[in-house]
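Throughout the sequence shown, residue numbering follows my numbering, covering 1 to 562 in sequence. Backbone N, C-alpha and C define an ideal beta-carbon position, used for all residues, glycine too. Being a predicted model, the structure only gives us computed values, none of them experimental.
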Amino acid sequence: MESTMSFCPNCGVQIEVANSRFCSKCGFCLQVKKEAGEVPIVQENPEYIDQEKIASTVVDEETEESEYSAKNAYALGFKFEDTVEQILKAKGYSTQRRCRLEGQNGRSEIDILAIKRYKGKERKIAVECKNYTNPVPVKDVRDFISKLEDLRILNGLFIAYSDFSREAESWGKNYGLELWDGDTVFEKFYELNVGRLNIGDKVDFKYYLPVRIDFSNAVNLSFENKNRVEISSVKLIWRPFYKVFYELNSVQTDPIKRKHRIIDSGFFIVDALLKSSPKQKGAVGNVVKSISLGMLGKSDEEKKEEKETGILKKELHQNPDRDFSITQPDNYKVIKLSPQITEAAARGETIDYVVQKNTKTVEYEVPTKKRKRRDEFDVGFEIPDLRECTLKPSRKDVTISEIQLIHVPKWEVEFESGDRTYMRVVSANGGTIIADNITNCSKHLLKDFLKRKNVAVCDVCGRALCKDHVFRCPICGAWFCETHSIQCIGCKTRFCLEHIKNRCVECGEATCSACSLKCPICEETHCNKHMTKCDKCGKSVCTSCTRKEGSLIFKKTICKSC
């Protein structure tokens, strides 16, 4: 029997690998189209491919979108490390592939070593890429952390083509790794290749929400040493949503022939960006864990995505403005994201929502025969036989009156300070903070509930901290964290490493100039704890230069000079 051949519906080339996600020649996304129900993944014979019909189902009418789809799919599927390298270079990093570095326990290989130089300082990131189809296990993350510690590299970026198991995500987060899953890489590469403008170029919107939070508010930091923080990237991203207006007028009949009229009207918001299907993270372990907890947890990326979508959808309850053009300025990038699902898909999702929303359960009474009275006290009362039925409107009863494609703006600001990178995402319309890891202190256990404002960044490592965890040197005025400062054992004031040189010869603790005491006998520097007063001459001397005289009750401290 002759084997069936599979072909790409976009270019007609033969698909050599079964169940491929993308066409190896043109990059056409095969599985996504199949899931969306718009175009078959493969056709049995390319001669019967209707190119005009396929073209009519493309998500965006602009050629830029289709060009991106091919490029994006091909790069993500077949040149994963190349894609990651392009993203890092766009952020200003120089990159090296397959670097073998000398560590404390031998040589180790890094997939990508990214280096950026700013104001005479060098920021180095070790990048690990895993092109797995299954979630990355915790062992791989632990091995990468061990490699970073051996190489003494502070910043690590772990990138997975699929996703991370919950244990791997927890390990990476606790260590301070930056984790990118496949969706994150997709979005960053998408922004890199679609919607980019040159200075002076214009982009038009039919429906949009206006920008009420300007550039200066989006990047504002109320730090004492804000000059130590660099704004490395600012993007004004316009995210598309469909606002679908509907009306429902349905009449349903229950089993006893009663008619129920169901009326509803309003609008439904559909996210126009295509997202991958939910991923099963560490299936067996997580199922057991979720059963024991009584709930199914979500990853940080999923929570962040849900929060952002929820905030922007809430803002869409206002009426959008119409007909607007924005010009690309020189201090930030304007990115207009194109919809990745069709109006037909948004229409279908809205109809499903309306049907599910208005499906209800009603009770009805089944007639019963009355029995004969047994005596004069038998009133013949019967408990009614109540039953339930579900009334579900038909999809045909839902009328879609209008569909608006509305672009909602958000600011994405990336800060860099020392060895650290910070991200702030804020709605440009309502000003709601979507994500921000630079404003509030991360040292507090209940940081999500009891928020403490950061006041400065450490001049050495760049960590942003509140007034309880960052300290200003009283001599040079620089700011330092606990790790990069020294506390005087006497006055408890913290100084930078350069301005507290004295140490007590007895205990070895650091002492500032004001708290450093010099013994007149041995001429050594001591702290307050190891200095005492001679009961005979009244001089302050160190404890090593004294002796005890007298009885057990009336002991006196006498210095060596006396």
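(request) Quick one: grab the DSSP three-state call for Ala114. (result) The answer is strand: DSSP assigns Ala114 an E or B state.
(request) Quick one: using the 10 Å Cβ neighbour count with 16 as the cut-off for buried, is Ala345 buried or exposed? (result) buried
(request) Specify the secondary structure class of Ser544 as computed by DSSP and reduced to three states. (result) helix
(request) With a 10 Å radius around its C-beta and 16 neighbouring C-beta atoms as the bar for buried, classify Asn454 as buried or exposed. (result) buried
(message) Taking the alpha-carbon of Val398 as reference, which of Cys534, Asn249, Glu302 has the nearest alpha-carbon?
(response) With distances taken between Cα atoms, Val398 lies closest to Asn249.
(message) I'd like to know if the region 456 to 468 and the region 405 to 420 are in contact, where contact means that at least 3 CB-CB pairs between them fall below 8 Å.
(response) Three or more beta-carbon pairs drawn from the region 456 to 468 and the region 405 to 420 are found closer than 8 Å, and the two stretches are therefore classed as touching.
(message) Measuring only the C-alpha atoms, how far is Gly573 from Thr483?
(response) Here the chain has residues from 1 to 562 only, and residue 573 is not among them.
(request) Could you round the C-beta distance between Asp459 and Arg228 to whole angstroms and report it? I think they count as a contact, below 8 Å. (result) 6 Å
(message) Rounded to whole angstroms, what is the Cα-Cα separation between Asp140 and Thr133?
(response) So the two alpha carbons sit approximately 14 Å from each other.
(request) Starting from Gln487, follow its DSSP beta bridges and name the residues at the other end. (result) Arg494
(message) Going by C-alpha to C-alpha distance, which of Gly106, Asn174, Ile153, Tyr190 sits closest to Ile87?
(response) Tyr190
(request) Under the assumption that Thr390 contacts Thr361 (Cβ atoms under 8 Å), give the Cβ distance between them as a whole number of angstroms. (result) Sure, about 5 Å apart at Cβ, within 8 Å.
(request) With a 10 Å radius around its C-beta and 16 neighbouring C-beta atoms as the bar for buried, classify Thr359 as buried or exposed. (result) exposed
(request) Might you give, ordered along the chain, the residues of its own chain that have their beta carbon closer than 6 Å to the beta carbon of Gly285, omitting 5 neighbours on each side? (result) Low confidence applies here, because Gly285 scores a pLDDT of 36, under 50, leaving its location unreliable; read the following figure in that light. Excluding positions up to five away in sequence, the list is empty.
(request) Report yes or no: do the region 143 to 158 and the region 96 to 112 share at least 3 C-beta pairs separated by less than 8 Å? (result) yes
(request) Tell me where the beta strand (DSSP E) around Phe164 begins and ends. (result) First-last for Phe164: undefined, no H or E at that position.
(request) Report, in whole angstroms, the separation of the C-beta atoms of Pro135 and Ser170, which I expect to be a contact under 8 Å. (result) The Cβ separation is near 13 Å, so there is no contact.
(message) Is it buried or exposed, Pro210, if we count other Cβ atoms within 10 angstroms and call 16 or more buried?
(response) exposed
(message) Using only CA atoms, which one of Arg347, Val457, Asn528, Val505 lies nearest to Ile489?
(response) Asn528
(message) Can you give me the C-alpha to C-alpha distance between Glu167 and Ser442, rounded to a whole angstrom?
(response) 21 Å
(request) Tell me where the beta strand (DSSP E) around Glu122 begins and ends. (result) In the DSSP assignment, Glu122 falls within the beta strand (DSSP E) that extends over 121 to 130.
(message) Taking its Cβ as the centre, do 16 or more other Cβ atoms sit within 10 Å of Glu388, making it buried, or is it exposed?
(response) exposed
(message) What does the Cβ neighbour count give for Thr327, buried or exposed, with the cut at 16 atoms within 10 Å?
(response) Residue burial is scored here from C-beta neighbours: Thr327 has fewer than 16 other C-beta atoms within 10 angstroms and is therefore classed as exposed.
(request) Taking only the alpha-carbon atoms, compute the straight-line gap between Ala456 and Val354 and give it to the nearest angstrom. (result) 50 Å
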